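Trainee: In numbering that gives the first Met the number 0, the protein residues as written are 0 to 462. For each residue, glycine too, the CB sits at the ideal point set by N, CA and C. Owing to the predicted nature of the structure, the values given are computational and were not obtained by experimental measurement.
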Amino acid sequence: MRYVSTRGEAPDLGFEDTMLTGLARDGGLYVPADVPVMAHDEIAALAGKPYEEVAVRVMAPFVADAFSEDELAEMVRDAYAGFGHPARAPLRQIGPDHFLCELFHGPTLAFKDFAMQLIGRMFAKSLARRGERVTIVGATSGDTGSAAIEAFAGQPGTDVFILYPHGRVSEVQRRQMTTPAADNVHALAVTGHFDDCQARVKDMFNDLAFRDRVRLAGVNSINFARVLAQVVYYFTAATALGAPHRSISFAVPTGNFGDVFAGHIAKRMGLPIETLVVATNRNDILHRTLATGEHRLGEVFPTISPSMDIQVSSNFERALHLAYGGDGAAIRQLMAEQKAGGFAVSQGALEALRETYASGRASEEETSAAIKAALDTTGELLCPHTAVGWHVAQQHLGAAPMVTLATAHPAKFPDAVEAATGIRPPLPPRMADLYDRPERVTRVENDLDALETLIDDRLGVAA
Ligand SMILES: *Cc1c(COP(=O)(O)O)cnc(C)c1O
Numbered sequence: 000m001r002y003v004s005t006r007g008e009a010p011d012l013g014f015e016d017t018m019l020t021g022l023a024r025d026g027g028l029y030v031p032a033d034v035p036v037m038a039h040d041e042i043a044a045l046a047g048k049p050y051e052e053v054a055v056r057v058m059a060p061f062v063a064d065a066f067s068e069d070e071l072a073e074m075v076r077d078a079y080a081g082f083g084h085p086a087r088a089p090l091r092q093i094g095p096d097h098f099l100c101e102l103f104h105g106p107t108l109a110f111k112d113f114a115m116q117l118i119g120r121m122f123a124k125s126l127a128r129r130g131e132r133v134t135i136v137g138a139t140s141g142d143t144g145s146a147a148i149e150a151f152a153g154q155p156g157t158d159v160f161i162l163y164p165h166g167r168v169s170e171v172q173r174r175q176m177t178t179p180a181a182d183n184v185h186a187l188a189v190t191g192h193f194d195d196c197q198a199r200v201k202d203m204f205n206d207l208a209f210r211d212r213v214r215l216a217g218v219n220s221i222n223f224a225r226v227l228a229q230v231v232y233y234f235t236a237a238t239a240l241g242a243p244h245r246s247i248s249f250a251v252p253t254g255n256f257g258d259v260f261a262g263h264i265a266k267r268m269g270l271p272i273e274t275l276v277v278a279t280n281r282n283d284i285l286h287r288t289l290a291t292g293e294h295r296l297g298e299v300f301p302t303i304s305p306s307m308d309i310q311v312s313s314n315f316e317r318a319l320h321l322a323y324g325g326d327g328a329a330i331r332q333l334m335a336e337q338k339a340g341g342f343a344v345s346q347g348a349l350e351a352l353r354e355t356y357a358s359g360r361a362s363e364e365e366t367s368a369a370i371k372a373a374l375d376t377t378g379e380l381l382c383p384h385t386a387v388g389w390h391v392a393q394q395h396l397g398a399a400p401m402v403t404l405a406t407a408h409p410a411k412f413p414d415a416v417e418a419a420t421g422i423r424p425p426l427p428p429r430m431a432d433l434y435d436r437p438e439r440v441t442r443v444e445n446d447l448d449a450l451e452t453l454i455d456d457r458l459g460v461a462a
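1) Quick one, which of L433, S306, D456 and M18 has its alpha-carbon nearest R225's?
2) Given a threshold of 16 other Cβ atoms within 10 Å of its Cβ, counted over all protein chains shown, does V36 qualify as buried or as exposed?
3) Count the other CB atoms within 10 Å of the CB of Y356; is the residue buried (16 or more) or exposed (fewer)?
4) Would you say F256 touches ligand 1, meaning its beta carbon is less than 8 Å from a heavy atom?
5) Just how far apart, CA to CA, sit F234 and M401?
6) When the cut-off is 9 Å and only beta carbons count, does A329 lie next to chain C?
7) DSSP three-state call for P252: helix, strand or coil?
8) What residue range does the beta strand (DSSP E) around H97 cover?
9) Need the endpoints of the alpha helix (DSSP H) that Q172 sits in, please.
10) Going by beta-carbon coordinates alone, are I161 and T139 separated by less than 9 Å?
11) What's the call for R199, buried or exposed, on a 16-neighbour Cβ count within 10 Å?
12) Taking the alpha-carbon of L275 as reference, which of K111, L285, S248 and S313 has the nearest alpha-carbon?
13) Would you call G141 buried or exposed, if buried means 16 or more other Cβ atoms sit within 10 Å of its Cβ?
14) Classify F300 as buried or exposed, calling it buried when 16 or more other Cβ atoms lie within 10 Å of its own Cβ.
15) In the structure shown, what three-state DSSP assignment does D195 receive?
16) Could you check whether the Cβ of S304 sits closer than 8 Å to any heavy atom belonging to ligand 1?
17) Classify A261: buried if its beta carbon has 16 or more other beta carbons within 10 angstroms, exposed otherwise.
18) Just to confirm, are P60 and F223 a CB contact at a threshold of 9 Å?
19) Kindly indicate the opening and closing residues of the alpha helix (DSSP H) around P383.
20) Output the distance between the C-alpha atoms of R245 and A328, rounded to the nearest integer angstrom.
21) Only counting runs of 4 or more residues, tell me where the alpha helix (DSSP H) segments fall wholly within the segment 254-296, in order along the chain.
22) Which same chain residues, not among the five before or five after I284, have their C-beta less than 6 Å away from its C-beta?
23) Taking buried to mean at least 16 other C-beta atoms within 10 Å of its own C-beta, is Q197 buried or exposed?
24) So V230 packs on V460, CB below 8 Å; how close in whole Å?
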């Protein structure tokens, strides 16, 4: 399969190079040139199959030039073997036509493990085959970094540097990043917020000399391999609820637009998805964009759902690329305007987006109230991100069954859950000693030179 850049000026790549590269050299994001469509019968045949089998069926056509089906099946099996639930992404009914899809049974208790555990193995396999090393640099609002450090710690062929906003991640998130002992993983606490971290990572990719010197690779959700791994649970959830014989809607707590965009890929593959509901917290640029067509950057407010505290939502570029019919020049123009504060989506593109996406927001008060209300009415303790999804999902219940993606375990955000309900959710037993493990972290300024120097030094590379 060929992958093309959303900005149309970088070379087309196969899956392996797309995965190892991350961001395209023209600043764009790689997307499949053509999304393979599954026949109605093929989708119907997925119902009730083990998660791993569905994963192979869904992903094989996307990765075929890099991995055989047997290789893929082996990596998938290893990736999910450590999950704390046999269904991997179990559904739980919470209303007459409303379900939670629990995506928090992986090693770091958030949905990021689904992609990261798999691509850690894909990277190791590709790099061993090529006899190469890469330096992985990523920005995190908390969950990506912990999942990446957990997945890549000790993996041969990789060094990993994770930038997170100092003081703006939960204690569990921070400890999951700072306590793994492997010396190929490095947690960097940056003075700034998530968008600063993400901007510095993009700057490093755009500094082509640095990029080539350290062989930079990215595992943020700009990496299409991440998005691909997340397509799978849309298939397991929807087929469990009667797809392809009926349509299903999903409510997705959204920040960087990777998870909800995976749903868009599932829909283009033929899965009957009625609506993808983009649920945002107070940082509601995506909701405002879908409501008004105006994509205007604002201030980033820290919230109790910190993994969604974002204004520059990278993967939205992929949805825009589809909505503009694959017009790379149009996307380059929009992204240039975004640097200057924002842009207006054309009427045609806005209509195209609204065919797939609906949206809503939850304020801080509404998020806390949703945690409490969900507990009272369903007996479930929701993490604050999931509560944002649940709150917005309530406004979009309709003809199709609704699946709200439960993106993290409540114990990952115990302060917010306790403040809302009086109950402090305990960590699962397998990570109960997290608070006793020693931490390792480096403080660094929000400055490109300082970051590049630090990485060169750690790698022993001369600038
Ligand atoms: C990353 C994350 C989100 C947002 O997902 P995106 O793919 O960035 O939109 C939501 N909830 C939790 C718990 C997360 O870790």
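Mentor: Taking the definition as stated:
1) Closest by alpha carbon: M18.
2) Residue environment for V36: exposed (fewer than 16 other C-beta atoms within 10 angstroms of its C-beta).
3) Answer is buried; the Cβ neighbour count reaches 16.
4) The answer is yes for F256.
5) The straight-line gap from Cα to Cα measures roughly 14 Å.
6) Of the chains in the structure shown, none is chain C; there is only one protein chain.
7) In this structure, P252 counts as strand in the three-state DSSP scheme.
8) Per DSSP, H97 belongs to the beta strand (DSSP E) from H97 to E101.
9) Taken as a continuous stretch (DSSP letters only), the alpha helix (DSSP H) holding Q172 covers E170 to T177.
10) In this structure, I161 sits near T139, with a CB-CB distance shorter than 9 Å.
11) That one is buried.
12) Ranking the options by Cα distance to L275, first place goes to S248.
13) Sixteen is the threshold: when 16 or more other Cβ atoms of the shown chains lie within 10 Å of the Cβ of G141, as they do, the residue is buried.
14) So F300 ends up on the exposed side.
15) Judged by DSSP in its simplified three-state form, D195 adopts helix.
16) Within the cutoff, so yes.
17) For A261, the number of other beta carbons within 10 angstroms of its own is at least 16, and it is reported as buried.
18) Against a cut-off of 9 Å, the Cβ pair of F223 and P60 comes out as no contact.
19) For P383, the enclosing alpha helix (DSSP H) starts and ends at P383 to Q393.
20) Answer to the nearest angstrom: the Cα atoms are 38 Å apart.
21) Entirely contained in the segment 254-296, the alpha helix (DSSP H) runs reaching 4 residues are, in chain order, 257-267 and 284-291.
22) The answer, listed in chain order, is Q310.
23) Result: buried.
24) About 36 Å separates the CB atoms of V230 and V460; that is not less than 8 Å, and the two are not in contact.
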